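Only one structure is covered here, and it is reproduced in the block below.
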Amino acid sequence: MTEKKYTLTDHQSGTELELPCYDPTLGPSVLDISSLYGKLGVFTHDPGFGATSCCESNITFIDGEKGVLVYRGYPIEHLAEQSSFIEVCYLLLNGELPNADQLAEFDESIRTHTMINESLLRFFNGFHHNAHPMAMVTGVVASMSAFYHDSTDIRNPAHRDVFAHRMIAKIPTIAAAAYKHSLGQPFIYPRNELSYCGNLLNMFFSVPSADYEVNPIAEEALDLLFILHADHEQNCSTSTVRMAGSSGTNPYSAIAAGISALWGPAHGGANEAVINMLEQIGDASQISKYIAKAKDKNDPFRLMGFGHRVYKNYDPRAKIIQAMCHKVLQNMGQENAVLLELAQELEQIALKDEYFVEKNLYPNVDFYSGIIYRALGIPTSMFTVMFAIARTVGWVAHWAEMVADPTSRIGRPRQLYNGPGLRDYTAIFDR
Ligand code: ACO
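Counting from 1, position 44 in the sequence shown corresponds to residue 45 in our numbering; the numbering is continuous, with no gaps.
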């Protein structure tokens with residue numbers, strides 16, 4: 002990492018402060034303002050962190066202007082084409098692609114950690130049948146800290162590895178239990194001979210009373226979606242995991258915090274919101290009405306699955322998903338082809354509209370992912386849970402990177418206080 006300097010001048014006092022500026026491997030230079038308050042007594046103000054780097058990381062890089070996403074240096078297109086979700090998990094956690102033995106060992110470890118404690122399984126009976134699956138998954142993941150608190154020493158790298166493997170292996174089992182609970186069907190135990198996504202599909206769709214065979218196209222589509230969603234550097238949920246984890250809390254609690262953050266419609270909840278929006282639009286004749294609503298500042302309606310804080314170009318993940326959408330719909334869930342046609346027509350109209358062009362609003366990862374999930378038979382309320390399963394590895398990798406970094410400190414932002422100035426307490430009879 003090379004370093005250059007910037008000089009900040011306080012024109013009132015004439016004080017000058019030299020600030021180091023680091024050139025990263027990829028991306029814009031980063032000005033180190035950590036000495037600012039100590040030297041000049043001022044904070045910086047950047048609500049929403051639009052121009053603030055909150056940590057040093059070696060995991061994922063995004064070039065939003067060019068629409069580029071890389072995991073540990075590997076372009077997402079290469080990984081989507083040639084890798085598997087399990088291999089991507091290894092890469093994100095360890096920094097390098099595994100050799101054949103390392104991959105087999107990692108895969109075996111994930112397969113053998115898939116069961117959850119029976120007591121944890123009984124938690125689901127406490128939820129109402131129509132509880133949102135994201136609420137159940139958040140609660141149950143947070144409860145994992147009650148099972149693994151005394152055996153999780155975050156300063157011990159071996160304990161961190163066990164946590165990582167447990168979390169990645171058990172999240173599909175928890176998600177499937179939430180789904181089965183909502184249906185009132187018996188819980189299906191994991192089957193370790195199946196692949197990560199094959200096992201997930203089996204836990205979702207098989208029942209004890211009938212045979213079930215995993216559809217290889219569904220398995221391939223899920224594996225691809227999981228690769229694409231596995232990490233996205235310092236997004237809202239990952240930053241939440243880092244923030245919660247920075248206090249030294251139990252890592253399962255930190256992951257639960259991330260799942261909560263993911264749920265919102267401005268983040269991972271968008272995949273559910275896109276399908277609801279497409280159904281609300283109904284048919285192509287209504288598109289112009291909804292485009293007008295999205296552009297109207299007095300209307301809260303937004304085009305869901307459009308726009309991104311970082312991408313000011315086509316989200317590379319959306320391109321890859323769109324191609325898989327066609328493959329899935331040719332083989333299963335053909336009744337969803339009308340949804341895809343509507344989405345494509347909406348995209349074409351929005352991409353030519355001056356408002357969307359001017360603001361660089363393009364489809365994001367969630368514009369098309371819901372159509373695949375729908376074709377696979379996954380209900381809309383489970384879409385964000387699917388995202389959470391895939392993103393778990395990203396959260397774990399960032400948490401582990403932060404905990405292993407000896408220079409990391411508790412996250413503690415400052416503020417621009419605009420409340421009342423100092424005043425005296427008034428006794429109640431004088432108010
Ligand atoms: N529809 C209509 N207008 C939009 C949209 C949209 N989807 N997205 C942004 N805009 C407009 C805003 O109104 C704003 O206009 P202004 O400058 O005239 O005020 C401008 O574009 C910039 O948008 P911001 O909200 O300031 O951008 P921000 O980076 O804060 O938000 C976000 C990004 C939350 C993703 C936003 O684009 C959005 O709400 N999109 C829809 C929800 C969505 O798809 N979320 C998924 C994101 S990807 C993910 O997390 C997996």
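Virtual Cβ for every residue (Gly too), placed ideally from N, Cα, C. The model shown is predicted, which means the values in this text are computed figures rather than measured ones.
Notebook entry, point to check: Along the chain, which unbroken stretches of the alpha helix (DSSP H) at least 4 residues long are found entirely within the region 32 to 103?
Noted result: Counting only runs of 4 or more, we get 37 to 41, 77 to 83, 86 to 95.
Check: Less than 7 Å between the CB of A271 and some heavy atom of ligand 1, yes or no?
Finding: As a working mapping, residue 271 is identified with position 270 in the sequence shown. Yes, Cβ of A271 sits closer than 7 Å to a heavy atom of ligand 1.
Next item on the list: Could you tell me how far apart the beta carbons of I228 and F86 are, in whole angstroms, since I believe they sit closer than 8 Å?
Entry: For this step, residue 228 is matched to residue 227 along the sequence shown. For this step, residue 86 is matched to residue 85 along the sequence shown. Between F86 and I228 the Cβ distance is about 5 Å, and since that is below 8 Å, they are a contact.
Check: Is any heavy atom in ligand 1 found nearer than 7 Å to the beta carbon of H133?
Finding: Counted from its first residue, the sequence shown places residue 133 at position 132. Taking 7 Å as the cut-off, one finds no heavy atom of ligand 1 near enough to the beta carbon of H133.
Item checked: Among S146, D47, Q345, M135, nearest to G265 - alpha-carbon criterion -> Counted from its first residue, the sequence shown places residue 265 at position 264. For G265, the nearest C-alpha among the options comes from M135.
Next item on the list: Assign F368 to one of two classes, buried (16 or more other C-beta atoms within 10 Å of its C-beta) or exposed (fewer than that).
Entry: Taking the first residue of the sequence shown as position 1, residue 368 is located at position 367. The residue is buried, with at least 16 neighbouring Cβ atoms inside 10 Å.
Margin query: So for T8, helix, strand or coil by DSSP?
Written below: Here residue 8 refers to the residue found at position 7 when the sequence shown is read from its first residue. Here DSSP, grouped into helix, strand and coil, assigns T8 to strand.
Notebook entry, point to check: Taking 7 Å as the cut-off, does the CB of P266 come closer than this to any heavy atom belonging to ligand 1?
Noted result: In the sequence shown, the residue the question calls residue 266 occupies position 265. Checking the Cβ of P266 against ligand 1 gives yes.
Notebook entry, point to check: Between H129 and R167, is the Cβ-Cβ spacing less than 8 Å?
Noted result: Reading the sequence shown from its first residue, position 128 is the one you call residue 129. Reading the sequence shown from its first residue, position 166 is the one you call residue 167. Result no, Cβ atoms of H129 and R167 do not sit closer than 8 Å.
Next item on the list: Please state if the CB of V138 and the CB of A389 are separated by a distance shorter than 8 Å.
Entry: Walking along the sequence shown from the start, residue 389 turns up at place 388. Walking along the sequence shown from the start, residue 138 turns up at place 137. Remark: C-beta atoms of A389 and V138 approach each other more closely than 8 Å.
Check: What residue does the alpha helix (DSSP H) around L18 start on, and which one ends it?
Finding: The residue given as residue 18 occupies position 17 in the sequence shown. Counting along the chain, L18 sits inside no alpha helix (DSSP H); it lies in the beta strand (DSSP E) bounded by residues 17 to 24.
Notebook entry, point to check: Going by DSSP, what residues sit across from F368 in a beta bridge?
Noted result: Within the sequence shown, the letter at position 367 stands for residue 368. Its beta-bridge partners do not exist; DSSP assigns none.
Margin query: I believe P21 touches D33 by the beta-carbon criterion, under 8 Å. Please report the beta-carbon distance rounded to the nearest angstrom.
Written below: By 1-based counting over the sequence shown, the position of residue 21 is 20. By 1-based counting over the sequence shown, the position of residue 33 is 32. Here P21 really is in contact with D33; their C-beta atoms are around 5 Å apart, less than 8 Å.
Note to self: Is the separation between the beta-carbon of N314 and that of H268 shorter than 8 Å?
What the structure shows: Position 313 of the sequence shown, counting from 1, holds the residue named residue 314. Position 267 of the sequence shown, counting from 1, holds the residue named residue 268. Contact flag unset, no.
Next item on the list: With a threshold of 7 Å, establish whether the CB of K360 neighbours any heavy atom of ligand 1.
Entry: Looking up residue 360 in the sequence shown gives position 359. At least one heavy atom of ligand 1 is found less than 7 Å from the C-beta of K360.
Notebook entry, point to check: Just how far apart, CA to CA, sit N203 and V215?
Noted result: As a first step, residue 203 is located in the sequence shown; it is residue number 202 there, counting from the start. As a first step, residue 215 is located in the sequence shown; it is residue number 214 there, counting from the start. CA-to-CA, the gap between N203 and V215 works out to about 6 Å.
Next item on the list: Give the DSSP-derived three-state secondary structure of F307 in the structure shown.
Entry: Start at 1 with the first residue of the sequence shown, and residue 307 comes out as number 306. The three-state reading of DSSP puts F307 in strand, counting E and B together.
Note to self: Can you tell me whether P414 is helix, strand or coil according to DSSP?
What the structure shows: Against the sequence shown, residue 414 aligns to sequence position 413. Looking at P414 - three-state DSSP - the assignment turns out to be coil, as it is neither helix nor strand.
Margin query: If you follow the alpha helix (DSSP H) that R161 is in, where does it begin and where does it stop?
Written below: Translated into the one-based positions of the sequence shown, residue 161 becomes position 160. Here the alpha helix (DSSP H) through R161 covers 158 to 184.
Item checked: Contact under 8 Å by Cβ, Y253 with A159 -> Translated into the one-based positions of the sequence shown, residue 253 becomes position 252. Translated into the one-based positions of the sequence shown, residue 159 becomes position 158. Result no, Cβ atoms of Y253 and A159 do not sit closer than 8 Å.
Margin query: Tell me the residue span of the alpha helix (DSSP H) that contains V141.
Written below: One-based indexing of the sequence shown puts residue 141 at position 140. The continuous alpha helix (DSSP H) containing V141 extends over residues 134 to 148.
Margin query: Looking at F307: is its Cβ nearer than 8 Å to the Cβ of P364?
Written below: As a first step, residue 307 must be located in the sequence shown, where it is residue number 306. As a first step, residue 364 must be located in the sequence shown, where it is residue number 363. Going by C-beta atoms, F307 is nearer than 8 Å to P364.
Next item on the list: Please name the residue, chosen from G185, I63, T385, that lies closest to P25 on a Cα-to-Cα basis.
Entry: As a working note, residue 25 is residue 24 in the sequence shown. Just measuring C-alpha positions, the residue of G185, I63, T385 sitting nearest P25 is I63.
Notebook entry, point to check: Leaving out the 5 sequence neighbours to the left and right, which residues in its chain are closer than 6 Å to G371 when beta-carbon positions are compared?
Noted result: Within the sequence shown, numbered from 1, the residue matching residue 371 stands at position 370. Excluding sequence positions up to five before and after G371, its CB lies within less than 6 Å of the CB of N272, V275, I276, F384, all in the same chain and listed in chain order.
Margin query: Could you check if A159 belongs to the surroundings of ligand 1, using beta carbon to heavy atom distance under 7 Å?
Written below: Here residue 159 refers to the residue found at position 158 when the sequence shown is read from its first residue. In terms of side-chain proximity, the C-beta atom of A159 is found no nearer than 7 Å to any non-hydrogen atom of ligand 1.
Margin query: Considering only their Cβ atoms, is the gap separating I169 from V397 smaller than 8 Å?
Written below: Here the question's residue 397 lines up with position 396 in the sequence shown. Here the question's residue 169 lines up with position 168 in the sequence shown. Closer than 8 Å, so yes.
Checklist line | Cβ neighbours of D394 in the same chain (closer than 6 Å, five flanking residues each side left out) | finding: Reading the sequence shown from its first residue, position 393 is the one you call residue 394. Note on identity: in this sequence residue 394 is Val, with Asp being the wrong assignment. Taken in chain order, the residues that qualify are C90, L93, I169, A231.
Notebook entry, point to check: What's the C-alpha gap between E355 and K40?
Noted result: Walking along the sequence shown from the start, residue 355 turns up at place 354. Walking along the sequence shown from the start, residue 40 turns up at place 39. Approximately 46 Å, taken between the alpha carbons.
Note to self: Can you tell me whether G420 is helix, strand or coil according to DSSP?
What the structure shows: For the purposes of this step, residue 420 is identified with residue 419 of the sequence shown, where counting begins at 1. Here G420 sits in coil by DSSP.
Margin query: Please report the straight-line C-alpha distance between F188 and R310, rounded to a whole angstrom.
Written below: By one-based count along the sequence shown, residue 188 stands at place 187. By one-based count along the sequence shown, residue 310 stands at place 309. F188 and R310: Cα-Cα distance of roughly 39 Å.
Notebook entry, point to check: Exposed or buried, what is Y7 when buried is set at 16 or more other beta-carbons lying within 10 Å of its beta-carbon?
Noted result: Taking the first residue of the sequence shown as position 1, residue 7 is located at position 6. Flag for Y7 reads exposed.
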